[in-house]
Amino acid sequence: MPDVRQATYDLLRSHDLTTIFGNPGSNELPFLAGMPADFRYVLGLHEGAVLAMADGYALARGGSALVNLHAAAGTGNALGPLTNSVYSHSPLIITAGQQVRSTIGQEVMLANVDAATLPKPLVKWSCEPACAQDVPRSISHAIHIANLPAKGPVYVSVPYDDWSQEAPPEARHLLERTTGTAGSLSAAQLADLAGALDAAESPVLVLGPEVDAQCGNDDAVRLADRLGAPVWIAPSASRCPFPTRHRSFRGVLPAAVQGVTDALAGHDLILVVGAPVFRYHQFVPGEYLPAGARLIQLTGDPGEAARAPMGQALVGDVKDALARLAEAVTAGRRPELPPLPEHPPAPSGGDRLHPAELFEVLRENAPADAVYVKESTATAADFWAQMDLSGQGSYFFPASGGLGFGLPAAVGAQLAHGDRQVIGLIGDGSANYGITALWTAAQYEIPVIIVILKNGTYGALRWFSKVLDAGETPGMDVPGIDFVQIAGGYGVAATSVRTRAEFADALAAALRSGKPAVIEAETELTEP
Ligand SMILES: Cc1ncc(Cn2c(C)c(CCOP(=O)(O)OP(=O)(O)O)sc2=O)c(N)n1
Ligand SMILES: [Ca+2]
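Position 370 of the sequence shown, counted from 1, bears residue number 370 in the UniProt record's numbering, the numbering being contiguous throughout.
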């Protein structure tokens with residue numbers, strides 16, 4: 001009769017969860033001891049990097065990722081990046097080792113006290129099974145909950161003496177279980193929506209990360225073309241749901257109430273698809289909607305629908321709805337939009353690279369299907385003005401702004417992408433929150449390119465201190481960090497550049513090398 005560990009590995013294999021991102025402690029060894037040969041373990045040196053690598057891997061592959069953390073201490077280290085995963089709807093299956101079941105109450109060393117509570121509210125569901133025999137079913141429960149809409153991370157704590165217990169014979173039924181949803185809009189709901197779009201004088205689309213996550217970008221293009229409508233990306237963009245050189249593209253909405261209202265002024269119907277309404281950031285009070293505008297939100301997440309402060313909301317499959325709406329609306333009711341102007345020329349001639357120059361070099365020289373993982377928070381305006389993103393899964397940003405996602409997520413995304421080059425665009429502040437992932441990239445020969453934009457300061461916070469009229473505050477500058485030395489110390493070849501030509505040469509060399517590479521780019525300070 002198989003034991004709980006064998007039954008669990010069989011279950012994980014049946015869900016294609018054969019890559020374990022982890023950092024072990026004694027509580028985890030009895031589980032890991034039996035790891036079958038067709039599984040692989042990807043070691044991260046800090047659990048924040050472990051979680052973020054798993055998140056990047058899951059986002060890039062459009063599926064789940066399995067994480068194994070050490071008790072409470074390992075879980076605590078992972079909570080930072082987990083603030084992003086819960087809002088990017090990443091279906092991470094997080095397991096943590098627990099002390100021997102009969103000693104937890106004594107709170108012996110490494111007891112994860114009240115384990116199922118620890119990760120809340122950053123997980124969709126968590127549990128510590130009531131007995132060893134329920135471990136396989138609990139992990140199956142977690143996997144299905146994580147992948148049913150709205151997707152999200154889950155957490156299961158397992159006492160380490162459970163693994164050697166005999167598994168219940170009924171655990172074999174778990175291997176065949178499947179769950180799914182039929183969350184499409186009804187014909188009547190779709191007809192109402194299409195009718196509202198046709199009747200609108202000036203409709204506008206606002207697209208969110210769920211459109212890209214569901215591979216709905218092309219459906220959104222068809223709908224925009226048939227409507228002749230402009231398209232914005234929803235505020236605090238964590239993905240790119242629409243081609244940035246399409247004639248409808250208007251950029252990313254500002255993350256402020258009045259900013260959104262000003263940007264959407266003149267439109268009488270605002271259709272928000274696959275985004276919360278909205279992920280505001282800087283508090284700039286104002287009217288939630290332009291005069292005369294009606295907002296309709298379409299999301300797969302009931303929580304996003306319920307907590308919006310205005311408008312109507314429908315919960316359903318966003319890709320399916322976009323595709324059906326593109327067929328249902330009447331084409332040609334509005335004049336075709338003019339083509340976009342050329343990219344603005346990047347400033348040049350400074351004694352260090354302007355971020356716009358750096359992005360221009362990437363646009364001109366990186367592969368057209370490159371995947372960008374960005375965590376450089378003062379360069380958003382230049383990035384969206386310069387880049388030409390068109391494919392699914394071409395851009396990721398921490399969905400809650402929790403730093404420590406970018407560099408490790410780029411490593412995880414490259415591990416998932418054998419065929420696309422992943423390029424991390426990481427601020428010299430952000431790089432430090434997940435820097436240990438460079439070691440994993442070196443050890444597992446993951447050919448990710450990490451560009452560190454070094455402006456010597458927490459640029460976004462300098463901008464925010466102006467917004468908040470906070471004046472000069474302590475803790476803004478991060479001078480004197482040598483990322484070439486640090487990268488070398490973790491085993492990754494690195495170079496430092498400060499001119500356009502030097503960056504272009506370093507990028508070309510990194511692309512040719514097929515190895516992990518760090519390019520430290522001395523850059524000017526800009527505003528988001
Ligand atoms: C885990 C964590 N700690 C601190 C912050 C606060 N923070 C910090 C520290 C930022 C500055 C990042 O600086 P950078 O060098 O990475 O990028 P820029 O210079 O382009 O802003 S932006 C921001 O929200 C955060 N978001 N997440
Ligand atoms: Ca910086």
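Note that the Cβ used here is the ideal one computed from N, Cα and C, for glycine as well.
If one requires a minimum length of 3 residues, the beta strand (DSSP E) runs lying completely within the region 50 to 116 are 65 to 69, 92 to 98, in chain order. Under a 10 Å Cβ-count criterion, Pro241 is classified as buried, with 16 or more other Cβ atoms of the shown protein chains found around its own Cβ. A distance criterion of 6 Å places the beta-carbon of Asn77 beyond contact range of ligand 2, judged by its closest non-hydrogen atom. If you draw a straight line from the Cα of Asp219 to the Cα of Ala431, it comes to about 35 Å. Runs of beta strand (DSSP E) with 3 or more residues, each lying fully within the region 326 to 382, are found at 371 to 375, listed in chain order. In this structure, Thr499 has its CB at a distance of at least 6 Å from all heavy atoms of ligand 1. A residue is listed when its beta-carbon falls short of 5 Å from at least one non-hydrogen atom of ligand 2; in chain order these are Gly427, Asp428, Gly429, Asn455, Gly459. Between Asp388 and the set Pro398, Pro344, His354, the nearest pair of CA atoms involves Pro344. Going by beta carbons, Val113 and Val135 fall outside the 7 Å limit. Taking C-beta separations shorter than 8 Å and ignoring five residues to either side along the sequence, the partners of Glu472 in its chain run Ser465, following chain order. Counting along the chain, Pro203 sits inside the beta strand (DSSP E) bounded by residues 203 to 207. Val329 is not a Cβ neighbour of Leu207, given a cutoff of 7 Å.
Shown here for Ala7: same chain residues with a beta carbon closer than 7 Å to its own, the five before and five after excluded, namely Pro136, Ala167, Ala171 in chain order. Looking at the DSSP output, Pro516 bridges to nothing. When distances are taken from the beta-carbon of Ser376 to the heavy atoms of ligand 1, the shortest one is below 6 Å. The continuous stretches of beta strand (DSSP E) do not include Lys120, and DSSP gives it neither H nor E. Close CB contacts of Ala399 within its chain, under the 6 Å cut and outside five residues either way in sequence, are with Asn84, Tyr87, Ser88, Ser238 (chain order). Setting aside the 5 residues that flank it on each side, Asp55 is surrounded in the same chain by Ser85, Ser90, Ala409, each with a C-beta closer than 6 Å to its C-beta; the list follows chain order. By DSSP's assignment, Phe21 forms a beta bridge with Val42, Val67. Note that the region 481 to 488 does not touch the region 414 to 423; fewer than 3 beta-carbon pairs, one per stretch, sit closer than 8 Å. Residue Thr440 holds the alpha-carbon nearest to the alpha-carbon of Leu45 among Pro516, Thr440, Leu253. Separation of the CB atoms of Ala487 and Ala494 is rounded to 4 Å, and the pair is thereby assigned contact status at 8 Å.
The Cβ atoms of Leu461 and Ser376 do not sit closer than 7 Å to each other.
Asp38 counts as exposed, since fewer than 16 other C-beta atoms from the protein chains shown sit within 10 angstroms of its C-beta.
Setting aside the 5 residues that flank it on each side, Pro290 is surrounded in the same chain by Thr261, Leu264, Ala265, each with a C-beta closer than 6 Å to its C-beta; the list follows chain order. The Cβ atoms of Leu51 and Ala78 lie closer than 7 Å to each other. The residue among Pro339, Gly292, Ala33 with its C-alpha nearest the C-alpha of Ala229 is Pro339. In this structure, DSSP gives Val467 a helical state, which the three-state scheme calls helix.
Across the set Gly63, Ile94, Thr526, Met1, the C-alpha of Ile94 shows the shortest separation from the C-alpha of Glu28. Within the region 412 to 497, the complete alpha helix (DSSP H) runs of at least 4 residues fall at 437 to 443, 459 to 467, 483 to 489.
Distance between Ala72 and Gly25, taken at the CA atoms: about 11 Å. Taken atom to atom, the span from the alpha-carbon of Ala326 to that of Leu190 is near 11 Å.
Distances between the C-beta of Thr379 and the heavy atoms of ligand 1 include at least one below 6 Å.
Counting the other Cβ atoms within 10 Å of the Cβ of Ser236 gives 16 or more, which makes it buried.
Distances from the alpha-carbon of Val284 to those of Glu201, Pro153, Asp469 put Asp469 closest.
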